[in-house]
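Written out below as structure tokens is the structure these notes cover.
In UniProt numbering, the protein residues as written are 1 to 566.
And the structure:
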């Protein structure tokens with residue numbers, strides 16, 4: 001673990017040297033200890049960057065800088081702040097390179113500011129003046145103040161929060177109007193704090209504020225997808241979180257005026273195509289259905305679905321078809337709903353509902369017919385859905401106690417084992433005669449391994465060998481795979497029988513990659529495997545390999561450094 005006393009020796013020397021120059025030249029400004037071992041600072045340079053450091057018992061627990069550097073764990077700005085923090089606890093001379101060694105002489109920590117005492121000392125008018133002055137000069141403080149106190153003052157509104165969120169996004173834009181990844185971290189963290197406040201208002205039952213905040217955050221974050229690098233997923237979290245908050249409101253008992261306001265808002269967003277081209281476009285109409293209280297309002301949903309012109313978006317069309325079915329069922333009755341259902345079996349969810357209804361009515365023949373139509377329809381265009389219909393067919397076969405088709409469908413579904421819905425192995429074991437079981441398993445594994453395009457065939461075969469406790473077969477499969485990751489996955493099951501062979505497989509792998517290894521991450525990976533086989537009892541072999549690698553690759557200093565740790 002990197003600590004405040006050893007970071008100079010643990011971080012890239014080039015970064016440390018540049019950071020030392022930054023520290024010596026006074027580029028670390030406004031360093032503040034917010035609470036014990038939690039520091040923030042501004043580091044100046046070509047631009048000003050915010051740095052945050054958290055320590056625990058001297059070890060660096062968290063570090064953050066909003067600069068664009070992403071070529072290593074620490075940037076020069078963070079390390080410069082570490083030097084500044086270190087100065088509070090140790091007597092160091094950073095001028096000479098020779099004085100990198102650790103000093104044992106501790107200095108007294110700086111006296112911490114007692115904010116409570118200051119607040120008790122100053123007058124109400126002085127504090128009020130400071131807040132007014134500071135909100136006019138510091139945008140972040142202004143936004144934080146409004147966010148915390150607008151509700152109390154009764155001035156909160158959609159427009160207020162929309163403006164605040166726009167301002168936060170605007171603060172991260174470059175001169176071309178784009179928010180790069182490194183700036184998105186700062187913007188995203190501010191807005192995640194805003195989202196966290198929404199959760200607080202949900203707990204308080206202040207649902208109108210939840211509505212204003214979440215709808216504003218949803219709109220502005222969807223708009224921001226056009227000008228943000230969201231590689232770290234901030235926008236996804238903000239959009240999902242704000243939409244989830246709106247769904248939470250729908251589960252609550254609402255005043256009638258608020259219910260109608262939210263429903264009208266959902267209609268407006270859908271009608272104006274604010275989220276057109278995104279899944280949230282249809283989701284807003286689906287959300288409106290959660291606020292509908294009578295047939296007249298339900299008719300407004302049906303009118304909008306009928307007027308939808310986006311026919312080339314299969315996902316969106318199916319989502320609206322599902323909404324129409326649910327709306328008809330709730331407000332117009334079973335007959336109209338089932339008529340619509342049976343006329344739209346191209347829709348996966350509706351076909352599945354039709355099968356379930358037929359099964360519920362003991363119409364197994366009809367259910368099988370609908371499921372088999374799904375197999376034929378989707379085999380070519382949407383093969384991933386075929387197993388959905390086979391799962392229905394398996395369920396029907398079980399209801400009819402049809403042993404032949406139970407085995408047929410379960411075997412098919414076990415071979416296509418991507419996200420299995422059930423334990424098909426147990427189903428097969430229950431329905432295949434015991435005297436035929438071993439031969440059945442052998443044939444099934446043979447068929448699995450013959451599949452040329454099935455990337456998971458080795459994992460599936462291995463899982464069956466494990467269920468059957470056939471360790472020799474599993475070891476032979478591991479060897480055949482020629483995959484180090486496969487070996488790591490299954491060594492625990494077989495090393496009690498094949499430990500020397502497993503050690504040899506690791507050695508073969510290390511020898512096969514050492515020549516091409518060229519980065520410290522490669523070297524660390526190799527050394528992890530060396531440590532692993534050393535623990536397995538191959539200490540002498542590891543010593544021999546380490547010495548051989550040092551002789552063979554004397555110029556690979558990073559490799560030798562990692563080998564010394566083995």
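Where a beta carbon is used, it is the ideal one built from N, C-alpha and C, also for glycine.
Asked, Found
"Which one of 223, 202 and 191 has the shortest CA to CA distance from residue 177?", "223"
"When you compare each of 480, 394 and 473 to residue 493 by their alpha carbons, which one comes out closest?", "473"
"Just curious, the beta strand (DSSP E) that residue 32 is in, first and last residue?", "28-35"
"Measure the C-alpha to C-alpha separation of residue 496 and residue 485 and round it to an integer number of angstroms.", "19 Å"
"Going by DSSP, which residues form a beta bridge with residue 51?", "41 and 65"
"Quick check: what's the CA-CA separation for residue 396 versus residue 359?", "8 Å"
"Can you tell me whether residue 175 is buried or exposed? The criterion is at least 16 other CB atoms within 10 Å of its CB, across all chains shown.", "exposed"
"Give, in chain order, every unbroken run of the alpha helix (DSSP H) that is at least 4 residues long and sits entirely within the stretch 277-303.", "279-289"
"Run the CB neighbour count on residue 528, radius 10 Å, all protein chains shown included, and call it buried at 16 or more, exposed below.", "exposed"
"Can you tell which of 316, 238 and 379 has its C-alpha closest to the C-alpha of residue 191?", "238"
"What alpha helix (DSSP H) runs, 4 residues minimum, are completely inside the stretch 146-203?", "158-171"
"Over what stretch of residues does the alpha helix (DSSP H) that includes residue 418 continue unbroken?", "Here residue 418 belongs to no alpha helix (DSSP H), and DSSP marks it neither H nor E."
"Mind checking whether residue 542 and residue 530 have CB atoms under 7 Å apart?", "yes"
"What is the C-beta distance between residue 217 and residue 242, in whole angstroms, given that I count them as a contact (C-beta under 8 Å)?", "4 Å"
"Just to confirm the assignment: which complete alpha helix (DSSP H) runs, minimum length 4, are found wholly within the stretch 469-546?", "471-481, 484-513 and 520-535"
"In angstroms, rounded to a whole number, what distance separates the CA positions of residue 421 and residue 377?", "21 Å"
"In this structure, does DSSP put residue 2 in helix, strand or coil?", "coil"
"Kindly indicate the opening and closing residues of the alpha helix (DSSP H) around residue 336.", "334-342"
"Who are the near neighbours of residue 32 in its chain, counting only those whose CB is closer than 6 Å to its CB and skipping five residues on each side?", "40"
"When we look at the beta-carbon of residue 225 and count the other beta-carbons within 10 Å, is it buried (16 or more) or exposed?", "exposed"
"Specify, as a first and last residue, the run of the alpha helix (DSSP H) that residue 213 falls within.", "207-224"
"Would you report the Cα separation of residue 104 and residue 50, rounded to the nearest angstrom?", "Caution applies to residue 104, whose pLDDT of 39 falls short of 50 and renders its modelled position unreliable; the value that the coordinates give is listed next. Whole-angstrom Cα-Cα distance: 30 Å."
"State the Cα-Cα distance for the pair residue 320 and residue 274, rounded to the nearest angstrom.", "17 Å"
"Report all residues from its chain with a CB closer than 8 Å to the CB of residue 200; omit the five preceding and five following residues, and keep chain order.", "none"
"Given that a residue counts as buried once 16 or more other Cβ atoms are within 10 Å of its Cβ, and exposed if not, what is residue 315?", "exposed"
"Looking only at its own chain, which residues have a Cβ that is under 7 Å from the Cβ of residue 220, when we skip the five neighbours before and after it?", "162, 165, 166 and 169"
"Return yes when the C-beta of residue 391 is under 6 Å from any heavy atom of the ligand SAM, and no when it is not.", "Here there are no bound small molecules, and the ligand SAM is not part of this structure."
"Would you report the Cα separation of residue 86 and residue 5, rounded to the nearest angstrom?", "7 Å"
"Rounded to whole angstroms, what's the CA-CA distance from residue 569 to residue 229? Just pull it up for me.", "Because the chain in this structure spans residues 1 to 566, residue 569 falls outside the shown range and cannot be described."
"Can at least three beta-carbon pairs, one atom from the stretch 402-421 and one from the stretch 377-393, be found at a separation below 8 Å?", "yes"
"Here's the rule: buried if 16 or more other CB atoms are within 10 angstroms of the residue's CB, otherwise exposed. What is residue 294?", "exposed"
"Could you check how far apart the C-beta atoms of residue 364 and residue 399 are, in whole angstroms? I think they sit under 8 Å.", "6 Å"
"Kindly identify the DSSP beta-bridge partner or partners of residue 59.", "3 and 56"
"Run through DSSP, which three-state label would residue 75 get?", "coil"
"Going straight from the alpha carbon of residue 102 to that of residue 63, what length do you get?", "For residue 102, the predicted structure reports a pLDDT of 42, less than 50, and the residue's modelled location is therefore unreliable. The matter cannot be settled from this model."
"Keeping to the same chain, check which residues put their C-beta closer than 8 Å to that of residue 352; ignore five residues upstream and five downstream.", "388 and 392"
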